[in-house]
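Residue numbers (the numbering used here): 1 to 332.
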């Protein structure tokens with residue numbers, strides 16, 4: 001099953017370059033390093049360079065506060081990099097060869113501020129501008145070596161960021177997904193349900209959950225074995241995922257039970273959705289020689305309701321479906 005995240009999940013889970021701890025560390029180091037340089041250049045009459053460094057520091061602080069507040073920080077990251085490029089070019093203008101060496105830490109900074117593709121664009125642009133500005137001022141052999149070494153630095157940064165991103169994705173999967181089915185796990189479910197109840201309390205945005213249980217699952221395990229039972233659970237999970245169109249997160253509550261969270265759906269709409277899913281499972285060829293069906297309990301979120309009470313309402317509806325003969329949908 002392909003690993004996908006809902007919009008809410010992507011908003012909650014930030015990549016490493018938007019991690020508040022990394023942002024704070026980067027900001028602290030940058031401010032500690034750049035502030036004395038701004039003062040020094042101001043003292044020696046390099047006012048433009050000093051002003052650019054000060055604006056760079058202000059942009060870093062603004063970005064740090066945006067990340068801390070949970071706001072979109074990509075725009076401020078671009079502003080920081082634009083100011084950084086301008087500061088680099090001003091350093092070359094004032095300092096010549098000594099200003100050129102700032103290209104290496106600047107390339108690293110690019111990958112700590114923006115996504116990989118945008119960081120590459122800035123790093124390569126900085127390398128090209130530095131080479132163009134240095135060519136008339138420095139020995140051409142030095143400029144060629146500068147471009148080659150900067151290119152290798154950018155290449156190694158891409159390798160490092162690729163490894164970090166791969167490990168980050170792996171850890172996210174381990175923390176959010178059920179290892180058997182690949183759908184979201186119970187811990188992530190509790191977070192998402194809490195978000196849904198908060199959104200209903202704050203803005204009245206309705207949500208409905210479907211509590212889905214595989215009928216007579218114990219007899220499937222007893223007759224065919226636990227390996228087949230696990231395969232049935234996975235097949236049902238796949239069908240639910242395929243027919244939720246990626247818009248509704250699916251969670252494994254435990255055992256043979258799943259929860260599907262429908263944002264901006266009332267109980268009437270959710271009942272239609274649940275009935276469609278029930279028919280899909282009923283008609284699917286999941287287990288040879290044995291029909292597989294599900295019962296579904298539907299519960300719409302209510303005012304001042306905890307997540308546990310919301311699930312309890314759905315469980316009561318599921319109990320009605322089971323007692324009415326199974327393979328049915330009932331609403332709380």
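Using N, Cα and C, we set each Cβ at its ideal position, and we do this for glycine too.
Note that the structure is predicted; figures quoted are calculated from it, not measured.
| field | 4 or more residues per run - each alpha helix (DSSP H) lying fully within the stretch 76 to 105 | value | 97 to 100
| request: With a cut-off of 8 Å on the beta carbons, I'd call residue 326 and residue 215 a contact; round off their distance for me. | output: 4 Å
| request: Look at the Cβ atom of residue 53, then the Cβ atom of residue 32, and state whether they are nearer than 7 Å. | output: no
| field | Cβ-based neighbour list, residue 280, same chain, cut-off 8 Å, excluding 5 preceding and 5 following | value | Here residue 280 has 239, 243 as same chain residues with Cβ atoms under 8 Å from its own Cβ, once five neighbours each way along the sequence are excluded.
| task | Return the residue from the list 199, 189, 332, 65 that minimises the CA-CA distance to residue 249. | result | 189
| query | Where does residue 37 sit, in a helix, a strand or coil, going by DSSP? | reply | Helix.
| query | Where DSSP assigns a beta bridge to residue 300, which residues make up the other side? | reply | 208
| said: Here's the rule I'm using: 16 or more other beta-carbon atoms within 10 Å means buried, otherwise exposed. How should residue 122 be labelled? | reply: It counts as buried.
| message | Could you tell me the alpha carbon to alpha carbon distance between residue 172 and residue 166, rounded to whole angstroms? | response | 10 Å
| task | Drop a sphere of 10 angstroms on the beta-carbon of residue 90, count the other beta-carbons inside from all chains shown, and report buried for 16 or more, exposed for fewer. | result | Answer is buried; the Cβ neighbour count reaches 16.
| said: Measuring only the C-alpha atoms, how far is residue 265 from residue 51? | reply: So the alpha carbons of these two residues sit roughly 53 Å apart.
| request: Could you tell me how far apart the beta carbons of residue 251 and residue 184 are, in whole angstroms, since I believe they sit closer than 8 Å? | output: So it is a contact: roughly 5 Å between Cβ atoms.
| query | First and last residue of the beta strand (DSSP E) that includes residue 254? | reply | Residue 254 -> beta strand (DSSP E) spans 250 to 254.
| message | Quick test of the definition: if touching needs 3 or more C-beta pairs under 8 Å, does the stretch 143 to 161 touch the stretch 223 to 235? | response | Judged by Cβ distances under 8 Å, the stretch 143 to 161 makes no contact with the stretch 223 to 235, as fewer than three pairs qualify.
| message | At the level of alpha carbons, what is the spacing between residue 133 and residue 105? | response | 18 Å
| said: For residue 135 and residue 25, what's the separation of their Cα atoms in angstroms? | reply: 35 Å
| request: Excluding the 5 residues preceding and the 5 following residue 85 in the sequence, name in chain order all residues of the same chain whose CB lies nearer than 8 Å to its CB. | output: 106, 122, 125, 126, 129
| field | CA-to-CA distance, residue 63 to residue 101, given in whole angstroms | value | 25 Å
| said: Is residue 163 near the ligand ATP - that is, is its Cβ less than 6 Å away from at least one heavy atom of it? | reply: Among the components of this structure there are no ligands whatsoever, and the ligand ATP is therefore not found.
| query | How would you write the range of the beta strand (DSSP E) that residue 172 sits in, first residue to last? | reply | Residue 172 -> not in any beta strand (DSSP E); alpha helix (DSSP H) instead, spanning 140 to 176.
| Hey, is the stretch 200 to 211 in contact with the stretch 285 to 292, meaning 3+ C-beta pairs nearer than 8 Å? | no
| task | Have a look at residue 217 and residue 295 and give me their C-alpha separation to the nearest angstrom. | result | 11 Å
| query | Whose CA, out of 277, 303, 43, lies closest to the CA of residue 204? | reply | 303
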